[in-house]
Amino acid sequence: MAQERHGEDVSEMGLFQRIGKSFTDLFARFGLCTVKVLVTVLMAVITGVKLVLNELLSLAVDILRGLRWIFRGFTESIRNRIKLNKELQKETRKAKKLGRKEYTASVAKFAGSFLFGEDGMLYTAFNYLLPVLSVAFLIGIVRIGSSKEYGIAVEFNGKEIGIISAESDFEEAEREVQQRISYLEDDKAIDLSANLSLKMVSDSDRLLTKDQLANEMLAASDEELTEAYGIYIDGKFIGAVKDKEAVQDALTDRLIDFHVDGVVKDISYKNKIEYTKGIYLASSVKDQQETIKMLTSSTEKKGVYVAQSGDTAVTIAQKYNMDLDRFEELNPKLGKKIKGGQVVNVVETESYLPIQYVKEYETLSFLDYETVEMETSSLNVGMRAILVKGEMGERRSNIEVTYVDGIERSRKTVKSVVTKQPVVEQVGIGTYAARPDPGVEVLTGSGEFSWPVDGGWISDHFGGERNHKGMDIAAPGGTDIYASADGVVVAAGWNPGGYGYFVQIDHLNGYQTVYAHMSVVHAIVDQPVKRGQLIGEVGTTGHSTGNHCHFEVRYNNVCHDPAFYLNTMESYYLDSLEEAEKNGSDDDKSEDDDE
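For what it's worth, numbering that gives the first Met the number 0 labels the leading residue of the sequence shown as 0, then goes sequentially.
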């Protein structure tokens, strides 16, 4: 036995050794693989660095070669000069031995070559200084040119009349002159062609605006001219006057005397009025009173208006700033009540210079409410009723209304705030399907509670000789029993006092209902329930002689007759509708058979 056990121990040790060796080999291979990967990555990095260094070295060599070439190019003339000087010095030493004349000639040749030779001092200096001087000269020319101001010289009728900054100034001045000469008789034309050229502006030159240029162009013509104030309405020249003060005062007085009811935010002329002093044709200058009469004049124009719903004679007359008598005179057959879409005659007053003013109003508008339909067990199937009545919302707005000569032309909302949100109207669609069997007596109570059983009939009323505390509704066993109103379950389960399985619901308004003798209870204590929600099934548990639901209505713990609270009229109404539909379908079928 000992030997066998020893053999088993040895075999077990051999097994562990083999497992340990396997793990050792595995880790060794893993380590070797890791080392190979690291060596491979390191070699790749070294190769990359070597490649980058070789490229940098090659670039450095190329740069040094380029610098060497540039240096040799700059110093080549100096090297040639040094070499030539050495040769001339040799010749001078030889000439000195030959004689004074030869020596003098050799020295002169050396000096001429040193100063004026191909690589001499003056030649070399000229080659280096010429580019520098050229660049300096170019910079000077640019600086001088950029410091000067340029303009467009205008030559009109062979005479330069001034300088303008842009060609568009001449075009605007030309249009201005065309307006001023529109008063010439016999449509006499003036040649307004001019020569335009670029010119450097000097201190003596005149830089003109478009209005000054128009004056100069007119002054250069042969027409009779005078100095006056031109009147422009929205940029259009309508004439000139000698004195603008009287015209301005008359127009201001017209604004002050303009009658407007209520508070006006802003009042002004609709058109932009400008007065420009300048040279004008004498024929375009008008008398001041004649000009005032023209600017303050107005004309009447007849028109028609399509009446809107709610319009009256007064509102339409106010809309067109008309006198009520004048309105009735234009519409003698118009009754007191004006219908929408009716065409009425009106008169619009058109002023030469319409007066525009702005008034502020606070308005109240109503917001429509939405209507949604929702299913509810508070109504019997097929019935509809408003659960939440819709209410319109309210919006208060501050608006600015712009009037022109008393007639409304536009309006703008400045501020708008919803002061009352609309209330969504909820329409209930009945889903409560529980009702008595056909032929059962009709209950006409308040309807505060619903028939609690899916069918059935009354087998025992409230009270009587045995002081019955509820109403017995007989129905087959297993028939569904529903909560007759919303509430919370306060008791559910077995009642040892005779009710058997029962459910008691508190409706949180002093009323409670009890459903007894159930075969199955589906509700639990503290469970909120809705009208029509399943709470149990009809049975005969407790003190009972047959399948029925004992239904009680309690108010402040006092039992009341459930008939006072149940109303089955709607159920019979639905039965009559179903019967009518059935009869109708039968009639249709019989007609089809006859055909």
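Positions of the beta carbon are idealized from the N, C-alpha and C atoms, including for glycine.
Would you kindly work out how many angstroms separate the C-alpha atoms of Ile18 and Leu25, rounded to a whole number? Locating residue 18 in the sequence shown gives position 19, where the first residue counts as 1. Locating residue 25 in the sequence shown gives position 26, where the first residue counts as 1. Going by the C-alpha atoms only, they are around 11 angstroms apart.
Leaving out five residues on either side along the sequence, give the residues of the same chain with a beta carbon under 6 angstroms from the beta carbon of Lys271. Numbered from its first residue, the sequence shown carries residue 271 at position 272. Closer than 6 angstroms at the Cβ level, and outside the excluded window around Lys271, lie Asp233.
Have a look at the DSSP bridge pairing and note the partners of Thr275. For the purposes of this step, residue 275 is identified with residue 276 of the sequence shown, where counting begins at 1. The partner list for Thr275 (beta bridge, DSSP) reads Gly229.
I need the straight-line Cα distance from Ser308 to Gly339, nearest angstrom please. Within the sequence shown, numbered from 1, the residue matching residue 308 stands at position 309. Within the sequence shown, numbered from 1, the residue matching residue 339 stands at position 340. The straight-line gap from Cα to Cα measures roughly 4 angstroms.
Have a look at Tyr431 and Ile480 and give me their C-alpha separation to the nearest angstrom. Here the question's residue 431 lines up with position 432 in the sequence shown. Here the question's residue 480 lines up with position 481 in the sequence shown. Rounded to whole angstroms, Tyr431 to Ile480 spans 12 angstroms at the Cα level.
When the Cα of Glu171 is compared with those of Asp204, Asn214 and His559, which residue comes out closest? Counting from 1 along the sequence shown, the entry for residue 171 is found at position 172. Per the Cα distances, Asn214.
Could you work out which residue in Tyr514, Glu223 and Val489 is closest to Asp505 when comparing CA atoms only? For the purposes of this step, residue 505 is taken as residue 506 along the sequence shown, with counting starting at 1. When each option's Cα is compared against that of Asp505, the closest is Val489.
What does a CB cutoff of less than 6 angstroms around Lys243 pick up in its chain, not counting 5 residues either side in sequence? Working through the sequence shown from its first residue, we reach residue 243 at position 244. Correct list, in chain order: Tyr228 and Tyr274.
For Val552 and His521, I'd like the C-alpha separation in whole angstroms. Your numbering for residue 552 matches position 553 in the sequence shown. Your numbering for residue 521 matches position 522 in the sequence shown. Taking the straight line joining both Cα atoms gives about 20 angstroms.
Please check the pair Arg205 and Gly161, which I expect to be a contact at CB under 8 angstroms, by giving their CB distance rounded to whole angstroms. Translated into the one-based positions of the sequence shown, residue 205 becomes position 206. Translated into the one-based positions of the sequence shown, residue 161 becomes position 162. With a Cβ gap of about 5 angstroms, Arg205 and Gly161 count as contacting.
So, do the segment 459 to 468 and the segment 405 to 419 have three or more beta carbon pairs nearer to each other than 8 angstroms? no
For His542 and Leu576, the rounded distance between their alpha carbons: Sequence index remark: in the sequence shown, residue 576 carries index 577 (1-based). Sequence index remark: in the sequence shown, residue 542 carries index 543 (1-based). With a pLDDT of 47 at Leu576, under the threshold of 50, the predicted position of this residue should be treated as unreliable, and no value is reported.
What separation, rounded to the nearest whole angstrom, lies between the Cα atoms of Pro437 and Trp450? Translated into the one-based positions of the sequence shown, residue 437 becomes position 438. Translated into the one-based positions of the sequence shown, residue 450 becomes position 451. Distance between the alpha carbons of Pro437 and Trp450 is about 13 angstroms.
State the DSSP-derived secondary structure class of Leu352, mapped to helix, strand or coil. Start at 1 with the first residue of the sequence shown, and residue 352 comes out as number 353. Leu352: coil per DSSP, three-state reduction.
Let me check understanding here. Comparing Cα to Cα, which of Leu294, Gly238 and Asn556 lies closest to Asp252? The sequence position of residue 252 within the sequence shown is 253, counting from 1. Per the Cα distances, Leu294.
So, helix, strand or coil for Ser470, using DSSP? Taking the sequence shown and counting its residues from 1, one reaches residue 470 at position 471. Looking at the sequence itself, residue 470 is Met, so the reference to Ser does not match. The answer is strand: DSSP assigns Met470 an E or B state.
Which residues in the same chain as Ile237 place their Cβ atom closer than 6 angstroms to its Cβ, once the five residues preceding and following it in sequence are excluded? The residue labelled residue 237 in the question sits at position 238 within the sequence shown. Ile230.
Please determine, among Glu148, Glu223, Glu175 and Lys241, the residue with the shortest C-alpha to C-alpha distance to Val200. Residue numbering aside, residue 200 sits at position 201 when the sequence shown is read from its first letter. That would be Glu148, whose Cα lies nearest to the Cα of Val200.
So Ala482 packs on Ile534, CB below 8 angstroms; how close in whole Å? For this step, residue 482 is matched to residue 483 along the sequence shown. For this step, residue 534 is matched to residue 535 along the sequence shown. Right, the Cβ-Cβ distance comes to about 5 angstroms (below 8 angstroms), so this counts as a contact.
Using beta-carbon positions only, say whether Val426 and Arg383 come within less than 8 angstroms of one another. Indexing the sequence shown from 1 puts residue 426 at position 427. Indexing the sequence shown from 1 puts residue 383 at position 384. In contact: Val426 and Arg383 (Cβ atoms closer than 8 angstroms).
Is Tyr402 closer than 8 angstroms to Val345 when the C-beta atoms are compared? To locate residue 345, count along the sequence shown from 1; it is residue 346. To locate residue 402, count along the sequence shown from 1; it is residue 403. No, they are not a contact pair.
Return the chain-ordered ranges of every beta strand (DSSP E) run that is complete within the segment 377 to 436 and spans a minimum of 3 residues. 383 to 387, 392 to 403, 406 to 419 and 424 to 431
Which residue wins for smallest C-alpha separation from Ile406, given the options Glu347, Leu31 and Arg395? For the purposes of this step, residue 406 is taken as residue 407 along the sequence shown, with counting starting at 1. For the residues Glu347, Leu31 and Arg395, the minimum Cα distance to Ile406 belongs to Glu347.
Between the CA atoms of Leu55 and Val48 - distance to the nearest angstrom: What you label residue 48 is simply residue 49 of the sequence shown in a count that begins at 1. What you label residue 55 is simply residue 56 of the sequence shown in a count that begins at 1. One C-alpha to the other measures close to 10 angstroms.
Can you grab the Cα-Cα spacing for the pair Ala281 / Asp202, in whole Å? On the sequence shown, residue 281 is found 282 positions in, with the first residue counted as 1. On the sequence shown, residue 202 is found 203 positions in, with the first residue counted as 1. Approximately 34 angstroms between the Cα atoms of the pair.
DSSP puts Met321 in a beta bridge; with which residues? Start at 1 with the first residue of the sequence shown, and residue 321 comes out as number 322. Partner(s): none; Met321 has no beta bridge.
Any idea if Asp593 is buried or exposed, counting beta-carbon neighbours within 10 angstroms, 16 or more meaning buried? Locating residue 593 in the sequence shown gives position 594, counting from the first residue. Residue confidence for Asp593 is low, a pLDDT of 38 falling below 50, so the modelled location carries little weight and cannot support an answer.
For a quick check, are the C-beta atoms of Met612 and Leu363 less than 8 angstroms apart? Outside the shown range of the chain, which is 0 to 594, sits residue 612, and nothing can be said about it.
Expressed to the nearest angstrom, what Euclidean distance is found between the alpha-carbon atoms of Lys529 and Thr539? For the purposes of this step, residue 529 is identified with residue 530 of the sequence shown, where counting begins at 1. For the purposes of this step, residue 539 is identified with residue 540 of the sequence shown, where counting begins at 1. If I take the Cα positions, the gap works out to 25 angstroms.
Closest by CA to Thr418, which one among Arg395, Glu399 and Val439? The residue labelled residue 418 in the question sits at position 419 within the sequence shown. It is Arg395.
With a threshold of 7 angstroms on Cβ separation, who are the neighbours of Met568 within its own chain once the five nearest residues in sequence on each side are excluded? Here residue 568 corresponds to residue number 569 of the sequence shown, with the count starting at 1. Result list for Met568: Val441 and Thr443, in chain order.
Alpha-carbon to alpha-carbon, Met373 and His516: Position 517 of the sequence shown holds residue 516. Position 374 of the sequence shown holds residue 373. In a straight line, the C-alpha of His516 is about 34 angstroms away from that of Met373.
Heavy atom of the ligand FMN less than 7 angstroms from the Cβ of Gln511, yes or no? The model on display carries no ligand, and the ligand FMN is accordingly not part of it.
According to DSSP, is Asn566 helix, strand or coil? Locating residue 566 in the sequence shown gives position 567, counting from the first residue. DSSP places Asn566 in strand when its eight states are reduced to three.
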